[in-house]
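Here's the structure we're looking at; comments come further down.
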Amino acid sequence: MAAPSPTLPETEPTRTESSAPEEPTSPTETESTAAPSPTTSASVQPTSAESDGAPTWLWWLLVALLVALAVAIPLLVRASHRREWREELASAEDEVAWFARGLIPQLRQLGSLAEVAGAWNLAESRVAAVEDRLTALAPSAPDEVARARALDLRDAVRAARGQIQALLEAGRQETMTQDLDAVAARLEQVLRAGTPLD
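Position 128 of the sequence shown, counting from 1, maps to 1071 under the numbering used here, and the rest follow consecutively.
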């Protein structure tokens, strides 16, 4: 028995029964003896790129896009961090400028050491807050120049606070205006010494 062709349906022997009385005859089985001819088709197998449904250039484009994203995202995050840090530093510099150009001249204009002490007690928390902000900014600076700038400002504010406190404790009314002018001058020197960070 020949193997059936994959393109032709498989035939099975058939048996015919009739309603007539059975005679002792042997059942006839029909068998296909014709050898099936193999069918060959001239079909062209598609290449792997064509069978995927997308051209090769599209895959290369997607890979290039993923590489560009892998490079761009960290750069954008870093630039955003740098910009936010610089905004925080600029805000802290504004507070230091207020201390040197606003608060100290106000203290200088007060008539007595007791009035200076009262005004300083009200404003010292704001000065301490800017010192704390500068202390927190230094470790997160985007580079060494920015870190040095934050530390210079912080040290100047810390020194100025200490000098004003020492002035109040010494109780020298006669040198108060000159001492306050000296504190303001040191703060101004540090403010002017700031290098552009961009």
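Quick reminder that beta carbons are idealized off the backbone N, C-alpha and C, glycines included.
In the DSSP assignment, the alpha helix (DSSP H) including residue i goes from what residue to what residue?
| i | result |
| --- | --- |
| Q1052 | I1047 to Q1052 |
| R1026 | T999 to W1041 |
Could you have a look at residue i and say whether DSSP puts it in helix, strand or coil?
| i | result |
| --- | --- |
| L1123 | helix |
| P1082 | helix |
| S1143 | The question about residue 1143 has no answer, for the chain in this structure spans 944 to 1141. |
| R1115 | coil |
| G1105 | helix |
| A1136 | coil |
| G996 | coil |
Any idea if residue i is buried or exposed, counting beta-carbon neighbours within 10 angstroms, 16 or more meaning buried?
| i | result |
| --- | --- |
| A992 | Because A992 sits at a pLDDT of 47, beneath the cut-off of 50, its placement in the model cannot be relied upon, and the point is left open. |
| W1063 | buried |
| A1093 | buried |
| R1097 | buried |
| V1100 | buried |
Tell me, please, whether the region 1069-1081 touches the region 1035-1042 by the rule of three or more beta-carbon pairs shorter than 8 Å.
yes
Tell me whether the region 1111-1127 and the region 1046-1061 touch, counting them as touching only if at least three CB pairs, one residue from each stretch, are closer than 8 Å.
yes
Count the C-beta pairs between the region 1123-1131 and the region 1101-1114 that are closer than 8 Å, then say yes if the count reaches three, no if not.
yes
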